[in-house]
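FYI, the numbering for the sequence shown is 1 to 548, going by full-length UniProt numbering.
What follows is a short report on a single structure.
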Amino acid sequence: MPRSTGRVTLPIQEGIDDQLRELVALLGADAVRNSDGTDLPAIASELVDTVYSTYFPARGDQDFALAHPETLINQYLMSERVTAPSTQPLVIEVLAGYFADQFQPCYERVERFWEVIDRTTGEVVPPEDWSVDRERGTVTIARPRAWHVYTVSFLAEQLWDSTQMYNYITNGWQDEPGRVKERPYDVRKNGVWEHTREALAAWLEEHPEVDVVRFTTFFYHFTLVFNAEGRERFVDWFGYSASVSPEAMDAFEAEYGYALRAEDFVDAGYYNSPFRPPSRALRDWIDFTSRFVAARAKELVDLVHSRGRQAMMFLGDNWIGTEPYGPHFASIGLDAVVGSAGSAATTRLISDIPGVECTEVRFLPYFFPDVFNHDGGDPVGQANDFWLSSRRAIVRRPLERMGYGGYVSLALEFPDFVARAAEICQEFRDIHDLSGGQEPWCAPFTVGIVNSWGALRSWQTHMVAHAQWYKACYTYAGVLESLAGLPFTVRFLSFDEVLDGGVPEDIGVLINAGAAATAFSGGPVWDDPRLAEALRAWVARGGGLIGV
1 MPRSTGRVTL PIQEGIDDQL RELVALLGAD AVRNSDGTDL PAIASELVDT
51 VYSTYFPARG DQDFALAHPE TLINQYLMSE RVTAPSTQPL VIEVLAGYFA
101 DQFQPCYERV ERFWEVIDRT TGEVVPPEDW SVDRERGTVT IARPRAWHVY
151 TVSFLAEQLW DSTQMYNYIT NGWQDEPGRV KERPYDVRKN GVWEHTREAL
201 AAWLEEHPEV DVVRFTTFFY HFTLVFNAEG RERFVDWFGY SASVSPEAMD
251 AFEAEYGYAL RAEDFVDAGY YNSPFRPPSR ALRDWIDFTS RFVAARAKEL
301 VDLVHSRGRQ AMMFLGDNWI GTEPYGPHFA SIGLDAVVGS AGSAATTRLI
351 SDIPGVECTE VRFLPYFFPD VFNHDGGDPV GQANDFWLSS RRAIVRRPLE
401 RMGYGGYVSL ALEFPDFVAR AAEICQEFRD IHDLSGGQEP WCAPFTVGIV
451 NSWGALRSWQ THMVAHAQWY KACYTYAGVL ESLAGLPFTV RFLSFDEVLD
501 GGVPEDIGVL INAGAAATAF SGGPVWDDPR LAEALRAWVA RGGGLIGV
């Protein structure tokens, strides 16, 4: 096919104007954007038709954050497990093993929001039997039982935004003067929401060159915890442990009629991993948070629209509570969603989102020095791997746009990568032009994936940190990875749906894939005999059930 242009978003930065002009022409880009840590150059509007700009509603105004320390984002953490060697008082340092630059304890109503648990018996230690030393950051259990294991579940304050911390450490920003460790603030807290709306309105006035506001993302970050050495200790791309606050928990209790405990979030140290069968409390919290996020996000999107701009959401970072496959997402009114594509499944995660006019994938590798280095980095190899994985899914469900992210100056040091990226951009356009944006033929029946999560986690099963490899994911991730590029309509069902109404008529094959006792295989849901009855009856009528 002849060379074409468009459908490509290129990250740009200041100081390399001539190279940017050449790169825009080479890749056929029709949109540009900045990234975390870079600014749009003055020539941005001259380069392309559309200018995106990253916008962070929950961080970025360091003066406001420092002036209002009471507005910091909260997060639930669990101390290390400590064994009592005797019945003498046991002292537990709550932040031992955590990154001191990331967290500090939150001492608001500790008797309400902290919890000491005897993990040997599962019993909660009454607040009158333990005390807090705020100067030392410790909890003392007055009369522990010898050789029992104890933990403290506690509310913490985030001193450093999780994504900015990752970017700061990865890029070595500590060596750059003027870089600050950005503090996040919670829109539920006093005065923050008013500031957030006013700040966005002022920003829109100050940046008439911006056509698309790329929200990155809204208010609450997925669970990302660093250890004492500043390395990742725990990550869960679906984790809600940083969406909590005293204000939110009080509002939840007033609405739902029951109070949440620290253990509802800490979950014995599993932090409600999506591999765990979800509790009633977690399901309620997700819906509660999603309604709040959707309502607040809609106000920001409406403000953007009132200024004649478009609103795009990045599916990542502070995406918790947006739930693109949930019942409240469409009400936000976004024009587009962009997300990282590291596999066929994560590509379908973006392309299948309902309720938006435009879907865009940001291909990996990200232009950061962990890949773009001359000491073993292989950006061309990674680009090929990610493109070949994603291409199968793009053919099945075409996307409107593609792009990259990060420091384009790093990519320019690797001409082989730039050349390959230009080829990928053209291949992407060719696929879209040949397909006309239409989906190809599919089998006359639907393939169902049944698990505890259902549609809420469409194309999101067996993931920990997006598309990164994890042992617990590897065995089962191939199910979705295969289906993402095969000629089938795929629907995600919950066990509750099957219990309530049986298997839908259009489902020809139903797949239940997951390790025993997990949310993906079902765990305790199989204790209800009605589930087996419904599935056996459906199989007897000709349905095909596959267990993995």
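Positions of the beta carbon are idealized from the N, C-alpha and C atoms, including for glycine.
Going by DSSP in three states, D506 sits in which element: helix, strand or coil? Start at 1 with the first residue of the sequence shown, and residue 506 comes out as number 506. DSSP places D506 in coil when its eight states are reduced to three.
Answer yes or no: do A31 and T50 have a C-beta to C-beta separation smaller than 8 Å? Residue mapping note: residue 31 aligns to position 31 of the sequence shown, counting from 1. Residue mapping note: residue 50 aligns to position 50 of the sequence shown, counting from 1. Yes; because the gap between Cβ atoms is below 8 Å, this pair is in contact.
How would you call R362, buried or exposed, if buried means at least 16 neighbouring beta carbons within 10 angstroms? Translated into the one-based positions of the sequence shown, residue 362 becomes position 362. Classification of R362: buried, given that the 10 Å Cβ count is 16 or more.
Of the listed residues M463, A297, L499, Q164, nearest to E182 (C-alpha basis): As a first step, residue 182 must be located in the sequence shown, where it is residue number 182. That would be Q164, whose Cα lies nearest to the Cα of E182.
Distance, Cα to Cα, E135 vs D36? Position 135 of the sequence shown holds residue 135. Position 36 of the sequence shown holds residue 36. In a straight line, the C-alpha of E135 is about 35 Å away from that of D36.
Considering only C-alpha positions, which residue in the set R391, I431, P41 is nearest to P11? One-based indexing of the sequence shown puts residue 11 at position 11. Sorting R391, I431, P41 by C-alpha distance to the C-alpha of P11 places P41 at the top.
For N74, list the residues DSSP reports as bridge partners. Taking the sequence shown and counting its residues from 1, the one referred to as residue 74 is at position 74. Looking at the DSSP assignment, N74 forms a beta bridge with E157.
How would you write the range of the beta strand (DSSP E) that W130 sits in, first residue to last? The residue you call residue 130 lines up with position 130 of the sequence shown. W130 -> beta strand (DSSP E) spans 130-133.
Excluding the 5 residues preceding and the 5 following G448 in the sequence, name in chain order all residues of the same chain whose CB lies nearer than 6 Å to its CB. On the sequence shown, position 448 is the one that residue 448 refers to. R491, L493, I507, L510, listed in sequence order.
For G523, which of helix, strand or coil comes out of DSSP? Here residue 523 refers to the residue found at position 523 when the sequence shown is read from its first residue. If DSSP states are grouped into helix, strand and coil, G523 belongs with the helices.
Reference D416; option with closest CA among H374, R396, R457: As a position in the sequence shown, residue 416 is number 416, starting the count at 1. Out of H374, R396, R457, H374 has the C-alpha closest to the C-alpha of D416.
Alpha-carbon spacing of V395 relative to S343, whole angstroms: Position 395 of the sequence shown holds residue 395. Position 343 of the sequence shown holds residue 343. So the two alpha carbons sit approximately 13 Å from each other.
Grouping DSSP H, G and I as helix and E and B as strand, with all else coil, what is M165? Sequence index remark: in the sequence shown, residue 165 carries index 165 (1-based). The three-state secondary structure of M165, taken from DSSP, is helix.
Residue nearest to D39 in terms of C-alpha spacing, selected from A421, H207, I141: Translated into the one-based positions of the sequence shown, residue 39 becomes position 39. Between D39 and the set A421, H207, I141, the nearest pair of CA atoms involves H207.
Can you name, in chain order, every residue of its own chain whose Cβ lies under 8 Å from the Cβ of Q174, other than the five neighbours on each side? One-based indexing of the sequence shown puts residue 174 at position 174. Same-chain partners within the cutoff: Y168.
Name the two residues that bound the continuous beta strand (DSSP E) containing A341. What you label residue 341 is simply residue 341 of the sequence shown in a count that begins at 1. Residues 336-341.
Counting pairs of beta carbons, one from the stretch 291-309 and one from the stretch 216-235, are three or more of them closer than 8 Å? Yes, the stretch 291-309 touches the stretch 216-235.
Limits of the unbroken alpha helix (DSSP H) element including V139: Numbered from its first residue, the sequence shown carries residue 139 at position 139. Counting along the chain, V139 falls outside any alpha helix (DSSP H), though it belongs to the beta strand (DSSP E) covering 138-141.
Given a threshold of 16 other Cβ atoms within 10 Å of its Cβ, counted over all protein chains shown, does W194 qualify as buried or as exposed? On the sequence shown, residue 194 is found 194 positions in, with the first residue counted as 1. Per the sequence shown, residue 194 should be read as Glu rather than Trp. It is exposed - the Cβ of E194 has fewer than 16 other Cβ atoms within 10 Å.
Would you decide whether I353 is buried or exposed? Buried here means 16 or more other CB atoms lie within 10 Å of its CB. If you number the sequence shown from 1, residue 353 lands on position 353. I353 should be labelled buried.
Short check: CB of S153 to CB of I117, under 8 Å? Stepping through the sequence shown from its first residue, residue 153 is reached at position 153. Stepping through the sequence shown from its first residue, residue 117 is reached at position 117. In this structure, S153 places its C-beta atom within 8 Å of the C-beta atom of I117.
Continuous alpha helix (DSSP H) stretch holding L66: start and end: To locate residue 66, count along the sequence shown from 1; it is residue 66. Counting along the chain, the alpha helix (DSSP H) containing L66 begins and ends at 62-67.
Might you give, ordered along the chain, the residues of its own chain that have their beta carbon closer than 6 Å to the beta carbon of A345, omitting 5 neighbours on each side? Indexing the sequence shown from 1 puts residue 345 at position 345. If we look at A345 and ignore the five residues flanking it on each side, its Cβ neighbours are W459, L480, E481, A484.
Are the beta-carbon atoms of F238 and W285 separated by less than 8 Å? Here residue 238 refers to the residue found at position 238 of the sequence shown. Here residue 285 refers to the residue found at position 285 of the sequence shown. Between F238 and W285, the gap from beta carbon to beta carbon reaches 8 Å or more.
In the DSSP assignment, find the alpha helix (DSSP H) that holds N373 and state where it starts and stops. Position 373 of the sequence shown, counted from the start, is the residue given in the question as residue 373. Run containing N373: none; DSSP gives neither H nor E here.
Quick check: is any heavy atom of the ligand FAD less than 7 Å from the C-beta of D129? Ligands are entirely absent from the displayed structure, and the ligand FAD is therefore not among its contents.
Given R536 as reference, the closest of E423, S389, L499 once Cα atoms are compared: Sequence index remark: in the sequence shown, residue 536 carries index 536 (1-based). Among E423, S389, L499, the Cα nearest to that of R536 belongs to L499.
So what's G269 in DSSP terms, helix, strand or just coil? Residue mapping note: residue 269 aligns to position 269 of the sequence shown, counting from 1. Under the three-state reduction of DSSP output, G269 falls in the helix class.
Enclosing beta strand (DSSP E) for T54 [first to last residue]: Translated into positions along the sequence shown, residue 54 becomes position 54. Segment 50-55, the beta strand (DSSP E) holding T54.
Under DSSP, the beta strand (DSSP E) around L260 begins and ends at which residues? As a position in the sequence shown, residue 260 is number 260, starting the count at 1. Counting along the chain, no beta strand (DSSP E) covers L260, and no H or E run does either.
Consult DSSP for G326 and reduce its assignment to one of helix, strand or coil. One-based indexing of the sequence shown puts residue 326 at position 326. DSSP places G326 in coil when its eight states are reduced to three.
Which of the three DSSP states, helix, strand or coil, is assigned to R33? As a first step, residue 33 is located in the sequence shown; it is residue number 33 there, counting from the start. In the structure shown, R33 sits in a strand (DSSP, three-state: E or B).
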